[in-house]
Amino acid sequence: MMLLPCPHCGPRNSSEFRYVGEGTARPDPGTATIGVWRDYLYTRSNPAGWTTENWFHRAGCRRYFTVERHTVSNAVRASHRPAAQARTTSDPEGLSAGTERGPDAGPG
Amino acid sequence: MAESAAVARSPIAPTPPVAIENGWEVSARRSAADLRITDCTPLTKLLVLGPEGGVFGIPFGRAERDEEGVLVAGSGPGEWTLFGPPGTGEGLAGRAAAALPPDEGAVFDLTHGRAAMRITGPAAAAALARVCAVDLAGEVSPDGAAFRSSVAKVVTDVVRDDIDSQLSYLMHCDRAFGQYLFDALLDAGAEFDIEVDGFAGPGI
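Quick mapping for you: the protein sequence lines, in order, are chains A and B.
Remember, the working numbering sits 705 above the position in the first sequence when you count from 1.
Remember, the working numbering sits 23 above the position in the second sequence when you count from 1.
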């Protein structure tokens, strides 16, 4: 059994969640080339190590959140609400939420 | 031909004998067993959406009764479920809407869309633990705790709502899963000699 720490509900069985995917930065549609869009849609780093990914708590609070998880050991070292974490002066609405990456994550 | 009043039916088949209570077909069976399960679908159930932490003064994860005996459960961030006696939906919805900030939030009557049931007795936690992974120990889930989790693989809202100091959990799920969840809880409680106890108003 794998436990995931939901920032709202606390630790829950991973069967309560839906995996959304790796956090990837959405490119600017005004300037992105076809190759950049392809990478955004289909290319994932899939590291054997720490990665930052988004999950949805479908059987609990029904909220999306971000988790830093080790893909080999399934250890989790942080979880947070994406919008609150990603709000910055240049992104006050947190629209690029879930784009942070773990320090050991691979390129991409 | 004589006119007959409409009867509302729970998705959970009533255990005989059957009676009509506040316009609902319910089981009139009475049980004094240590562990009992009751179909509480006739209860009025309202979903209230509003600003997180800003309504009713009840946070996510807690449930309390208001001055009129309505059970208000913080069932999600910015989400509350109100349980009232059968047939009180309209008045309760008006009160809930009045508690919301102007032009913010919404109230939905889920009475006929959700199945509710209550499991009561000293072994209620042990029986529920057979089908629910959440820690039900008193330190973690005391009286007044509310959470949504998987119960027998069904997404279920659970409120610990002790009755006369007797351990009791009030649960509700999508109507379509009502009979399945009721049967799963009967199965989980079989080793504790669970029995069906009929619904009696006001029921909350």
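All C-beta atoms in this analysis are idealised placements derived from N, C-alpha and C, irrespective of residue type, glycine included.
Item	Value
For Asn718(A), which residues in chain B fall below 8 Å Cβ to Cβ?	Ala156, Ser173
If we cut at 8 Å on Cβ distances, does His785(A) have a partner in chain B?	no
Specify the secondary structure class of Ala791(A) as computed by DSSP and reduced to three states.	Any reading at Ala791(A) must be qualified, since the residue scores a pLDDT of 44, below 50, and its modelled position is unreliable; no value is offered.
For Ala86(B), which residues of its own chain have a beta-carbon under 8 Å away from its beta-carbon, when the five flanking residues on both sides are left out?	Leu94, Val95, Ala96, Gly97, Gly167, Ala168, Ala169, Val182, Arg183, Asp184
Are the C-beta of Phe13(B) and some C-beta of chain A separated by less than 8 Å?	What is shown of chain B runs 24 to 227, which leaves residue 13(B) out entirely.
Determine, using beta carbons only, whether Val157(B) and Ser172(B) come nearer to each other than 8 Å.	yes
Can you find a C-beta in chain B that's less than 8 Å from the C-beta of Cys714(A)?	yes
Within the 8 Å Cβ cut-off, does Cys766(A) reach chain B?	yes
Does any CB atom of chain A fall closer than 8 Å to the CB of Val178(B)?	yes
Could you check whether the Cβ of Pro37(B) sits closer than 8 Å to any Cβ belonging to chain A?	no
Does DSSP put Phe215(B) in a helix, a strand or coil?	helix
For a contact defined as C-beta to C-beta under 8 Å, what are the partners of Phe170(B) on chain A?	Cys714, Gly765
Quick check for students: name the residue ranges of the alpha helix (DSSP H) that lie wholly in the region 170–206 of chain B, counting only runs of 4 or more.	none
I'd like to know whether the C-beta atoms of Arg53(B) and Asp220(B) end up nearer to each other than 8 Å.	yes
Under 8 Å between C-beta atoms, does Glu773(A) make it to chain B?	no
When you compare the CB of Gly99(B) with every CB in chain A, is at least one pair closer than 8 Å?	yes
Terminal residues of the continuous alpha helix (DSSP H) containing Asp744(A)?	739–747
So, does the CB of Glu758(A) fall closer than 8 Å to a CB anywhere in chain C?	Chain labels in this structure do not include chain C; the protein chains are A and B.
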